[in-house]
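Q: Converting from the sequence shown to the working numbering requires adding 98 to each position, the first position being numbered 1.
Quick reminder that beta carbons are idealized off the backbone N, C-alpha and C, glycines included.
Here it is, the structure, as structure tokens.
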Amino acid sequence: MLFSTLIFSQQSAVYTNDFATYQEAVTKYNNKQYNAAQMLFLELEKNSSNESLKADCAYYAANAAIRMNQQGAEQMMENFVTQYPASTKRNNAFQEVGTYYFEMGRYPQAMKWFEKVDERNLGYSQREEFYFQMGYTYFQTKRTAEARKYFNRISTSKEFGSQAKYYLGYMAYEGDEYQEANQYFEGIDENDRLSENLSYYQADMNFKLGNFEEAIRLGKEQFGKSNAREQSQLSKIIGESYFNLGQYEAAIPYLSEYKGMRGRWNNTDYYQLGYAFYKQNDYEKAISEFNKIINGRNAVAQNAYYHLGDSYLKQNKKQQALNAFKNASEMDFSAQIQEDAFYNYAKLSYEIGNAYTSAPQVLTAFLEKYPQTNNKEEIQDLLIDSYISSKNYKAALDLLENNKSFSNKLALQKVAFFRGLELFEEGNHQDAKAHFEKSLKEPRDASFTARATFWKAESDFQLNNFEQALIGYKQFQQLPQNTTTPEYKNSSYNLGYTYFKTKNYEQAITAFQQFLGQPGIDNNRQKDANLRLADSYFVSSQYWPAMETYNKVIAAGGANADYAAFQKAISYGFVDRAQTKLEELSGFEDRYPNSIYRDEALYELGNTHLALNNNSQAIKAYDQLVSSLPMSSYVPKALLKKGLILNNSEKYEESLTVFKRVASKYPSSPEAMQAVSSAKLIYIDLGRVNEYAQWVQTLDFVEVADAEIDQATFAAAEAKYLQNEPQAQTLLENYLRDFPNGIHILPANFYLAERYFSTDQNEKAIEKYNFVVSKERSEFTEQALVRVTQLYLEKNDFSSATPLLKRLEVEGTKPQNIIYAQSNLMKAYYEAKNYAEAVIFAEKVLNDSSAEARAKNDAHSIIARSAMQTGDENKAKNAYAEVQKTATGSLAAEALYYQAYFENKSGAFQESNATVQKLAKDFSVYKTWGGKGLVLMAKNFYALEDAFQATYILESVLKNFADFPEIIEEATLELNKIKAEEAKTNASVETNDN
């Protein structure tokens, strides 16, 4: 007994000490001194022999580890559960750890422990709290089915009932079960703090249930109690409820206050506010909202774009309206809106033009899609007029001729005429004539019949069909409606020219006099008509009237005054006023130092002196010609005349020297052949025939033995050539084969080149022309230079054409050939990117008063393009402004584009858009400039804060201009840039990054 008592006393003392330590550890734990408490608990668990105490220490140590977020804390709790399965704290451990994680907001960890709790061992109050915690944990982890199960268990709880109903209602709200959600929300105690947010949800639910007035009431009730984010959402609910009730004025302030999701609106948001403004007739603000809708492809977008189009129309912004209606017409969510939008799009295409598709095509497409439309008659009338107003004559003609469902002979007559005029201006006279003939087959409008008659004659004139042109001009003058046409004023001028070309000079005189007798005629035509009238007098030997008329040209000055002065001098010779002729010719070079007729004047001066037996004066004139104008075709003629004078003066050695010079320097020329013949006679007279024979052997172009055969062979070939007979080609080829160094090798090569040229044997023609131009200057050189450069230019061989064009500019005697050379040199240098030289030659063309308007337009355009390439945009701007004054066709379209370009650069965006509209209306056939103009228009609209117009235009460019990679590239870059910017505020905008 004594031993047992001692042992019990020792154990009691130990337990008492352990319990005191345990109590100290619990106190520290309750005071959240978890680290100190844990150390005591772990020491007790290790050293105590009391299993119950050890279990409690393991429980608290693990709890402390969890609260200190120690690594391995959960494992400590798992070890507690495993090592002490009989512990009364086992179930509490699961709940308390779960509650700790719950309160920390770490719901997945909380759930792990809550799911281990045996709820049967919980008290009533513990169980309600456990159900709420489980429900809320499942709610936070998005397991709504499990959450509902636990919340339903406490929905009638006094302590947790309101919260359970709130979350049950919220889950029903999120699941669009609004009736159920409303029942739960209505069961929440009004004094519960959770009821503060109920008005927001109830407002939204009533909105979604279509109870808009109730939604407005609840939304306004909650508005003052809400934070900024909730107020934004309530503004949307209230504003959209007013919108759906048709109370647009009341809707506007609320819709405007909505801040969007994450600071961004979507297309529906913009539509509702825009439509509200639209219904208030505030079209400017409606536009500002509608045009933010980008990439819309649904019923809302179609409706928005339709009303955007109507808003633009109300503001008289037709180009913008066209794009909006086009967009709405391409969607089929509402058939009625689609048809009405298409109708408006078609009408606007007619009114202002369409850069995507020609107005006739749009109008025809509308009729094909809606054959029973109530607007059929109106659209058909517009279609007729659009053929002309759109100036897309080629496409219009195709529709008229190939579309059996629609035929209008009057429109066909007009369109064929205008297409012919377009081709004529492009220099395609053969096709132009065919279209004028097509127009004449439908003589519906007398005015257009007269005009087509005139221009058919003009085409024949340009094609050198002078006899047919004469018939056409006479027919025009006999038509009853001719006096009302713009062509009438110049018809006598054209008729006179045709008589002149057909050598009917008396009739030409009458026609030119008739033209000159009209008041207010064009100054340039007046001067030219006087010149041709004088020429007609001259050719018909009426020299005094000729001189009087030449005097008028001289007095007017400018181009051709030198020619008139020369012709006047020549005329004096025909009226036996030789001395006056000499005076006129002697002073010619001083009066006209840059005239192309100086060489001919000097040559004629020498001839006149020769005729008057003033041999020394004649030789002086010839020598002056040779020394001052060595490249002139009159040089060999002058030398030959000088040689003959010396021969006749018995200065045989001097004469032979001159003849040999001609034969050496101008081989194969007629003068060379005559020089050889004259030299032969001198050598015979001097008895030096052997010397002649030796000299002749040095001349490749003289084969004395075959001279007669040579002459006969060439004469036969030449006769066929001059008669324009096909055999000429074979005969000329045979001549050059049989007489490779023949007397007539130069004219033979030229004639053969002309035959090849006329039959499109271009490479052969180039070879023969090059032979002619490689020899000393002759009467064939200038025309050969024109022809061969033309052939090189046709195949874009600028490197071969350029040196020959430079020769032609220097050696040319005809003004039109010099201008031709300069015009093509400026183009050749431009193609070679030698912009400085291109500008030099362009300015030469502009400084030549005889240059035609088309050549001057080309010159201005070369200056403008070169300036753009070198960055001198001010110079380009001025040059394009000059082009616009008279240009037609593609060049006019280019100039108009650059007008819009410079307007954009200066910030005149509205003006730039107006210019692009004009480009679309008048020049839609020129797709390159139309496409570039549309990209420019998009930039203008974005600068004007109209994102819809900008993006829609660019997307349309991508659809309609796939064949123009440069335009597509520019449009893509601009579109991506705009979308990236707009996506910052519009959640509906899709970018490449989305």
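1) Alpha carbon to alpha carbon, what distance is there between residue 1055 and residue 267?
2) For the stretch 628-642 against the stretch 603-616, do three or more pairs of beta-carbon atoms, one drawn from each stretch, fall closer than 8 Å, so that the two count as touching?
3) For residue 490, which three-state DSSP category applies?
4) Would you tell me roughly how many angstroms separate the C-alpha atoms of residue 107 and residue 252, rounded to the nearest one?
5) Opposite residue 1084 in the DSSP bridges: which residues?
6) Whose CA, out of 184, 138, 675, lies closest to the CA of residue 163?
7) Which complete beta strand (DSSP E) runs does the stretch 159-218 hold, if anything under 3 residues is left out?
8) Consult DSSP for residue 1077 and reduce its assignment to one of helix, strand or coil.
9) Start and end of the alpha helix (DSSP H) containing residue 853?
10) Could you name the residues of the same chain whose beta carbon sits closer than 7 Å to that of residue 1029, not counting the 5 residues immediately before and after it, in chain order?
11) In chain order, which alpha helix (DSSP H) runs of at least 4 residues are fully inside the stretch 999-1043?
12) Note down, in chain order, each residue of its chain lying with its Cβ closer than 8 Å to the Cβ of residue 585, except the 5 sequence neighbours on either side.
13) With DSSP as the reference, label residue 671 as helix, strand or coil.
14) Taking only three categories from DSSP, how would you classify residue 569?
15) Work out the CA separation of residue 420 and residue 439 for me, nearest whole Å.
16) DSSP three-state call for residue 536: helix, strand or coil?
17) Report the residue from 543, 728, 896 whose alpha carbon sits nearest the alpha carbon of residue 580.
18) Taking C-beta to C-beta, are residue 704 and residue 690 nearer than 8 Å?
19) Using a 10 Å radius around the Cβ and a threshold of 16 neighbouring Cβ atoms, would you call residue 447 buried or exposed?
20) Work out the CA separation of residue 587 and residue 956 for me, nearest whole Å.
21) Between residue 988 and the rest of its own chain, which residues show a CB-CB distance below 6 Å, the 5 nearest in sequence each way excluded?
22) Taking a contact to mean a Cβ-Cβ separation below 8 Å, would you say residue 647 touches residue 671 in this structure?
23) Quick check: the stretch 204-218 against the stretch 177-194, are at least 3 beta-carbon pairs closer than 8 Å?
24) Note the first and the last residue of the continuous alpha helix (DSSP H) segment covering residue 695.
25) Excluding sequence positions up to five away, which residues of its chain have a Cβ less than 6 Å from the Cβ of residue 614?
26) Would you kindly report the start and end of the unbroken alpha helix (DSSP H) that includes residue 235?
27) Label residue 146 either buried or exposed according to how many other C-beta atoms from any shown protein chain fall within 10 Å of its C-beta, with 16 as the threshold for buried.
28) How would you label residue 512, buried or exposed, when you count the other beta carbons within 10 angstroms and need 16 or more for buried?
29) Should residue 155 and residue 143 be called a contact, given that it needs their Cβ atoms to be closer than 8 Å?
30) Which word fits residue 128, buried or exposed, when buried means at least 16 other C-beta atoms lie within 10 angstroms of its C-beta?
31) Between which two residues does the alpha helix (DSSP H) holding residue 725 run?
32) To which residues of the same chain is residue 1009 closer than 6 Å at the C-beta, ignoring the five residues directly before and after it?
33) Go through its chain and collect everything with a Cβ distance to residue 291's Cβ below 6 Å, but skip five positions before and after it.
34) Starting from the C-beta of residue 724, find all residues in its chain whose C-beta is less than 7 Å away, skip the five residues before and the five after it, and write them out in chain order.
35) So residue 855 and residue 863 are supposed to be a Cβ contact under 8 Å. How far apart are they, rounded?
A: Result, derived from the coordinates:
1) 52 Å
2) yes
3) coil
4) At residue 107 the pLDDT is 39, less than 50, meaning the model places this residue with poor confidence; the figure from the coordinates comes in the next sentence. Taking the straight line joining both Cα atoms gives about 53 Å.
5) 363
6) 138
7) none
8) helix
9) 843-856
10) 1055, 1059, 1062, 1065
11) 1007-1020, 1025-1041
12) 548, 549, 552, 553, 574
13) helix
14) helix
15) 9 Å
16) helix
17) 543
18) no
19) buried
20) 27 Å
21) 1024
22) no
23) yes
24) No alpha helix (DSSP H) holds residue 695; DSSP gives it neither H nor E.
25) 627
26) 222-238
27) buried
28) buried
29) yes
30) exposed
31) 713-726
32) 1001
33) The predicted model places residue 291 with a pLDDT of 49, which falls under 50 and marks its position as unreliable, so this point remains unresolved.
34) 733, 736, 737
35) 4 Å
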